[in-house]
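Undergrad:
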Amino acid sequence: MLRVARLPALLRVTRLPALLRVARLPALLRVGLLRRRRRRGLPGRRWRCAGGATLGVVVAARRGRRRRRDVHHGRVLLRRRTFLARARARREASRPLVSTTTTGQRRVVAEPPRRLLALFDAPPRASTTTPATSVPRAPADPATSASTTAEDDAALSPTQVAQLFKERLDGLGDLAVEGEVTGFRGSTGAHWYFELKDSTSRLSVSFFSSANRRHRGALPQNGDLVVVRGRPSFYGPQGRAQLIASSLTAAGSGALERMLEERRARLAAEGLFAAERKRPLPVLPACVGIVTSLQTAAVRDVVKVLRARAPKVSVVIAPAPVQGPAAEVGAALAAAIAHLDRHGGCDVILIVRGGGSREDLRPFDEESVVRAVVACRVPVVSGVGHEIDVTLCDHAADRRAATPSQAAEFAAPAVAELEQQLDALQQRLRSSTARKVAEAGQRLARLQGRLPAPATLAQRHGRALDGLASRLARQAPLSRLAGDRDRLDALERRLSHRRPTLDPATARLAQLAARLDDAVQRRAADAAGRLVRAVDQLEALSPLSVLKRGWALATLDDRLARASDLVVGARLRLRVDGGDADVIVDAVREPERS
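Reading the sequence shown from the start, the letters are residues 109 to 702 in my numbering.
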């Protein structure tokens, strides 16, 4: 079933005859539906439009899927074309007429009608230019006056309001916005989404990859002060205004970052951030010192955590400003740390501050604060800002905490946890002792089972003693001596029987030994004579013997020189008896022929 709500007002606002010509609806409504109604004799109703056209609409729909689909499509198409026509008419009516002067300035010639301006903002300002002339209308039909009033007061949908916002924001053109980056999401080559904030407001920024690939600097970080240039827009699905960025530049933070990086490198070169100088935190501190401002929520959080985890731990607070000019606040922090180290009697010192912008945390990057932390005689825990906030004080401290509450947890372990650990250790000790005693009892029982009865043991030892006594009687000294004497006499008798055969062999052995000595001496004398003769022959053939007879040995490049090597200017080495000399050939003579 096709329905048309508030048809007279709709026709008046959107000029239905023109809409029908654009959308080609006669084929669907005036022709198709009217023909079908007339052919089948269905009841219908007619309205007389302001433009003189007649529109027939079927009221009673015939059952069936095909008829309902055709009617539904016609209704959707009519509503869509109606909305587009109204939006186009509203844009045309709200667009001011602008002209350009000879100096290049733009001025408004006509303001949009007040009724359309009231849909978006406050009542318009009084215009100093000529007001826009309205287009005359045909007199309204009296039957449509009630629906005209209803149409003027009709509520807009969120989509229509979002479209109005977007159109007005798009008309502002490019803007340059300066603020601090927060909530950055993105990476190189991808879309960047973040917010620009100041002390009171935030603005969403979308920096798409098609634009940020022209950005030559590093990725912006949370806390950077930047200037973003782009066009404002309104994102309807989330109902928020945003800035579509086209460029991004740093706003004075580059010099500070470079100075901070140089300071970090210089202090690291001095070894102030070395891991080997970090000290372990005390397990059970008796006193905890806190350096922070008394007006911050961080000190309340730290004290609350300390009271909950270790109620008997003493707390000493050295008040110091944590926000303001970096140099002044840094000097105050360094003085508070030094005073607490000298006079506080603390076992550990906490330096805490809540979150803030990068500029708010500048005092904790001061060199005076870093050196005061390094010079402290007790361990120092730094709990400045949040997890993403890292300062030079964090690098110098013995332990870094992500938040002030975590710093308190590091400094004072929970008493309940320690008691639980102590109970667990006691239980383990009791269990281990009981197990050891049980094992010793079982071992003793096994040994007792293996040990024989005393009477049996006495009988066994008695029998062993009797055996030893009999052996001792058999091995008495007199008995042993008599036996040895008998064995000696027997050996002498055996030797006397074999002596006649041993004497000739002994004499022959002496003769052979004498002959062997003579042969060895003769052979050695012959070998010595041959050796002397060989040495004499070798000495006679040695070049050194030739040199002793007055000859000289000429060499060229560590080899014997030949007659062909003798050329004028050649450098030779002459070796004579007792030394050598380097000579240069200055003349060559042919050998004399006899």
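The C-beta atom is built at its ideal place from N, Cα and C for all residues, glycine as well.
I need the DSSP call for PRO512, collapsed to helix, strand or coil.
TA: PRO512 falls in the helix class under three-state DSSP.
Undergrad: How is ASP688 classed by DSSP in three states: helix, strand or coil?
TA: In the structure shown, ASP688 sits in a strand (DSSP, three-state: E or B).
Undergrad: Rank ALA426, VAL478, ASP409, ARG415 by C-alpha distance to the C-alpha of GLY438 and give the top, closest one.
TA: Comparing Cα-Cα distances from GLY438 to each of ALA426, VAL478, ASP409, ARG415, the minimum goes to VAL478.
Undergrad: Rounded to the nearest angstrom, what separates GLY464 and LYS420 at their Cα positions?
TA: Near 32 Å, if we compare the C-alpha coordinates of LYS420 and GLY464.
Undergrad: In whole angstroms, what separates the C-alpha of GLU365 from that of ALA532?
TA: One C-alpha to the other measures close to 51 Å.
Undergrad: Keeping to the same chain, check which residues put their C-beta closer than 8 Å to that of VAL696; ignore five residues upstream and five downstream.
TA: Answer for VAL696: LEU674, VAL675, VAL676, listed in chain order.
Undergrad: First and last residue of the beta strand (DSSP E) that includes SER539?
TA: Here SER539 belongs to no beta strand (DSSP E); instead the alpha helix (DSSP H) covers 523-558.
Undergrad: Run through DSSP, which three-state label would SER401 get?
TA: Reduced to three states, the DSSP call for SER401 is coil.
Undergrad: Determine whether the Cβ of ASP455 lies closer than 8 Å to any Cβ atom of chain C.
TA: Looking for chain C here will not work: only one protein chain is present.
Undergrad: If you follow the beta strand (DSSP E) that THR267 is part of, which residue opens it and which one closes it?
TA: Counting along the chain, THR267 falls outside any beta strand (DSSP E), though it belongs to the alpha helix (DSSP H) covering 266-278.
Undergrad: Are the region 394-411 and the region 450-466 in contact at 8 Å, needing three or more beta carbon pairs?
TA: Because the criterion of three Cβ pairs below 8 Å is met, the region 394-411 and the region 450-466 touch.
Undergrad: So, helix, strand or coil for ALA520, using DSSP?
TA: Three-state DSSP puts ALA520 in coil, outside helix and strand.
Undergrad: Look at the alpha carbon of ALA349 and the alpha carbon of HIS299, and state the distance between them as a whole number of angstroms.
TA: Taking the straight line joining both Cα atoms gives about 18 Å.
Undergrad: Cα-Cα, which of GLY291, LEU356, ALA678 is closest to ASN320?
TA: Cα-wise, what sits closest to ASN320 is LEU356.
Undergrad: Would the region 523-537 count as touching the region 491-511 if we require 3 or more Cβ pairs under 8 Å?
TA: Too few Cβ pairs lie closer than 8 Å, so no.
Undergrad: Which stretch, first to last residue, makes up the beta strand (DSSP E) that contains LEU661?
TA: Per DSSP, LEU661 belongs to the beta strand (DSSP E) from 661-663.
Undergrad: What separation, rounded to the nearest whole angstrom, lies between the Cα atoms of VAL391 and PRO521?
TA: If you take the alpha carbons of VAL391 and PRO521, they lie about 7 Å apart.
Undergrad: Is it the case that the Cβ atoms of LEU664 and ALA678 are separated by a distance below 8 Å?
TA: It is a contact, given that the beta carbons lie within the stated cut-off.
Undergrad: Just to confirm, is the Cβ distance from GLU474 to ALA444 under 8 Å?
TA: Contact flag unset, no.
Undergrad: Return the CA-CA distance between ILE615 and ALA590, expressed in angstroms with no decimal places.
TA: Going by the sequence as given, residue 615 is Ala instead of Ile. Their Cα atoms are separated by approximately 37 Å.
Undergrad: From ARG466 to LEU311, what does the alpha carbon distance come to, in whole angstroms?
TA: If you take the alpha carbons of ARG466 and LEU311, they lie about 18 Å apart.
Undergrad: Would you report the Cα separation of THR511 and GLN271, rounded to the nearest angstrom?
TA: If you take the alpha carbons of THR511 and GLN271, they lie about 44 Å apart.
Undergrad: Could you tell me the alpha carbon to alpha carbon distance between ARG571 and GLY557, rounded to whole angstroms?
TA: Each residue's alpha carbon lies about 23 Å from the other.
Undergrad: Express the C-alpha separation of VAL336 and HIS323 in angstroms, rounding to a whole number.
TA: Computed Cα separation, rounded: 11 Å.
Undergrad: Going by beta-carbon coordinates alone, are LEU646 and ASP685 separated by less than 8 Å?
TA: Against a cut-off of 8 Å, the Cβ pair of ASP685 and LEU646 comes out as no contact.
Undergrad: I need the boundaries of the alpha helix (DSSP H) containing PRO699, first residue and last residue.
TA: Taken as a continuous stretch (DSSP letters only), PRO699 belongs to no alpha helix (DSSP H), as it is neither H nor E.
Undergrad: For a quick check, are the C-beta atoms of VAL285 and LEU264 less than 8 Å apart?
TA: Taking 8 Å as the Cβ cut-off, VAL285 and LEU264 do not qualify as a contacting pair.
Undergrad: Decide if ARG630 is buried, meaning its Cβ has at least 16 other Cβ atoms within 10 Å, or exposed.
TA: ARG630 should be labelled exposed.
Undergrad: Can you tell me the Cα-Cα spacing of GLY432 and ASP468, whole angstroms?
TA: Approximately 7 Å between the Cα atoms of the pair.
Undergrad: Quick check: the Cα distance between SER295 and LEU327, rounded to an integer number of angstroms?
TA: Their Cα atoms are separated by approximately 7 Å.
Undergrad: Between which residues of its own chain and LEU277 is the CB-CB distance below 6 Å, once the five residues before and five after are set aside?
TA: Only PRO340, SER341, PHE342 meet the Cβ criterion.
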